[in-house]
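Some notes on the structure that comes next.
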Amino acid sequence: MTTNRRSNEKIRRMALLAMFSAIIFLLGLTPLGMIPITPFMKATTLHIPVIIGAILLGPVDGAILGGVFGLVSFLTNSFFAPSLTSFVFTPLYTLPGAHQGNFWSLVICFVPRIMVGVAAAWVFRLIGRWDKSKIGACAAAGLIGSAVNTALVFGGIALFFGDAYAAAKGGELLTVIMGIILTYGVPEMIVGAILAALVCKPLMVLTKRRTA
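Following the working numbering, the numbering of the sequence shown begins with 103 at its first residue and continues without gaps.
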């Protein structure tokens, strides 16, 4: 009986990992990955399946899903939809006549996204100890997971590509980064908290995950 239970748990885990990975690819490679906040502002949603998966499956699988997020970001910035600042996410892109990515581009591309899953899972576990409904724990995990992504990405950019990034954006580094955080980072945190709170509890019931 124990063997069957373990086998079923493994199958459930692999199925959820595959599902969330597919969602990340779908969001990353289509316009579905952006939510309009205003007519001039959009928030990315790629971190949402990472956070939800981390809440349901734990920090290890959250880190795996974060790695998938990083891979999608790498592919997008390298091959599918590079932008003026893609050099901070991939060593395969060079801004014509100016800045080129390097090893630190990979660090920025992958490490913050992996940490999204790890942070979201642990925040959920810690707050979930006293939050019986788990809704507040889910919201906090969504908020902190989104904040970790924003903080680590732009912290890495400032540390390793500060002057080049500011030049590509046409402004002073601090002003550029703070503007992006306020314009995109804060809405992404709010969206992350709301969606995690709305989606995770029903999924816990559906997948029969223990929430204690």
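From the three backbone atoms N, C-alpha and C, an ideal C-beta is built for every residue, glycine too.
| query | Taking only runs of the beta strand (DSSP E) that begin and end inside the stretch 168 to 192, which ones reach a length of at least 3 residues, in chain order? | reply | You should have found no qualifying run.
| message | Quick test of the definition: if touching needs 3 or more C-beta pairs under 8 angstroms, does the stretch 162 to 181 touch the stretch 192 to 204? | response | Segments in contact, yes.
| query | For SER123 and chain C, any beta-carbon pair shorter than 8 angstroms? | reply | Here chain C cannot be found, since the structure has a single protein chain.
| Contact check, PHE226 vs ALA253, beta carbons under 8 angstroms | Along the sequence shown, one-based indexing puts residue 226 at 124. Along the sequence shown, one-based indexing puts residue 253 at 151. The answer is no: Cβ separation not under 8 angstroms.
| How do the stretch 253 to 264 and the stretch 206 to 213 stand: do at least 3 beta-carbon pairs fall below 8 angstroms, yes or no? | Counting Cβ pairs under 8 angstroms, three or more are found: they touch.
| query | Shortest alpha-carbon distance to PHE182 belongs to which of VAL162, PRO133, LEU308 and SER248? | reply | Working through the sequence shown from its first residue, we reach residue 182 at position 80. Nearest neighbour of PHE182 by Cα position, chosen from VAL162, PRO133, LEU308 and SER248, turns out to be PRO133.
| request: Drop a sphere of 10 angstroms on the beta-carbon of SER188, count the other beta-carbons inside from all chains shown, and report buried for 16 or more, exposed for fewer. | output: On the sequence shown, residue 188 is found 86 positions in, with the first residue counted as 1. SER188 is buried by the Cβ-count criterion.
| said: I need the straight-line Cα distance from LEU297 to ILE150, nearest angstrom please. | reply: Here residue 297 is taken as the residue at index 195 of the sequence shown, counted from 1. Here residue 150 is taken as the residue at index 48 of the sequence shown, counted from 1. Pairing LEU297 with ILE150, the inter-Cα distance amounts to about 8 angstroms.
| Per-residue burial, PRO141 [other beta carbons within 10 Å of its own, 16 or more giving buried] | For the purposes of this step, residue 141 is identified with residue 39 of the sequence shown, where counting begins at 1. For PRO141, the pLDDT reaches just 49, beneath the cut-off of 50, and the residue's location in the model is therefore unreliable, leaving the point undetermined.
| request: Taking 8 angstroms as the cut-off, decide whether the C-beta atoms of ILE154 and LEU308 are in contact. | output: The residue you call residue 154 lines up with position 52 of the sequence shown. The residue you call residue 308 lines up with position 206 of the sequence shown. No, they are not a contact pair.
| request: Starting from the C-beta of ILE157, find all residues in its chain whose C-beta is less than 7 angstroms away, skip the five residues before and the five after it, and write them out in chain order. | output: For the purposes of this step, residue 157 is identified with residue 55 of the sequence shown, where counting begins at 1. Same-chain partners within the cutoff: ALA222, ALA223, PHE226, CYS240, ALA243, ALA298 and CYS302.
| query | Cα separation between PHE205 and LYS234? | reply | Along the sequence shown, one-based indexing puts residue 205 at 103. Along the sequence shown, one-based indexing puts residue 234 at 132. So the alpha carbons of these two residues sit roughly 44 angstroms apart.
| task | Whole angstroms is fine: what's the gap from GLU274's alpha carbon to MET280's? | result | Locating residue 274 in the sequence shown gives position 172, counting from the first residue. Locating residue 280 in the sequence shown gives position 178, counting from the first residue. When rounded, the distance between both Cα atoms is 10 angstroms.
| request: State yes or no: is the C-beta of LYS303 nearer than 7 angstroms to some heavy atom of the ligand SAM? | output: As presented, the structure is devoid of all ligands, the ligand SAM included, so that no description of it is given.
| task | Counting only the same chain and skipping the five closest in sequence on each side, list residues whose C-beta sits under 6 angstroms from that of LEU129. | result | One-based indexing of the sequence shown puts residue 129 at position 27. These residues qualify, in order along the chain: GLY135, THR147 and LEU148.
| query | MET291 and LEU245 look like a contact to me (Cβ under 8 angstroms); what is the Cβ gap, rounded to whole Å? | reply | Taking the sequence shown and counting its residues from 1, the one referred to as residue 291 is at position 189. Taking the sequence shown and counting its residues from 1, the one referred to as residue 245 is at position 143. MET291 to LEU245, Cβ: 5 angstroms. Contact.
| request: Could you work out which residue in LEU284, GLY203 and ARG114 is closest to ALA90 when comparing CA atoms only? | output: Past the edges of the chain, shown from 103 to 314, lies residue 90, and the structure says nothing about it.
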